[in-house]
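A.B. asks:
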Amino acid sequence: HDQGLTASYVHTFTSYKVDDPLKEAQDAQMNNVWTDMEKCIFLDRFLQFPKDFRRIASFLRNKTTKDCVSFYYDSKQTVPYKGALKEHVMRRKRN
7 HDQGLTASYV HTFTSYKVDD PLKEAQDAQM NNVWTDMEKC IFLDRFLQFP
57 KDFRRIASFL RNKTTKDCVS FYYDSKQTVP YKGALKEHVM RRKRN
């Protein structure tokens, strides 16, 4: 049976009023929150370079190798990396 690939991210988008933009920027730097775009780039590069976190981080301006390793292991339960990788390899073989 064909199982669709889905990824779910918890707490990825919040909207709120910012009273102190400078403090907000400093907090974001300290927390180093992943944007949806960064998550997409991570997955795309992960499919190209599986578990080569140093190389993946080189495509993400605000992320270190350590950030990428942490993100992978934190999101592994909700993102089907193995299934996505298998599908990616199969598609490349067909082309």
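The working numbering numbers the first residue of the sequence shown as 7 and each following residue consecutively.
C-beta: ideal position from N, C-alpha, C; glycine also.
What you are looking at is a predicted structure, and each value in this text was computed from that prediction instead of being measured.
Output needed for N38: all residues of its chain with C-beta closer than 8 Å, excluding positions within five of it in sequence on either side, in chain order.
C.D. replies: If we look at N38 and ignore the five residues flanking it on each side, its Cβ neighbours are N68, K69, D73.
A.B. asks: Along the chain, where does the alpha helix (DSSP H) that runs through T71 open and close?
C.D. replies: Start and end: 71–81.
A.B. asks: Taking only three categories from DSSP, how would you classify R67?
C.D. replies: In the structure shown, R67 sits in coil (DSSP, three-state: anything other than H, G, I, E or B).
A.B. asks: I need the DSSP call for K57, collapsed to helix, strand or coil.
C.D. replies: Three-state result, K57: coil.
A.B. asks: Let me know the secondary structure DSSP gives R98 once reduced to three states.
C.D. replies: Residue state, collapsed to three classes: helix.
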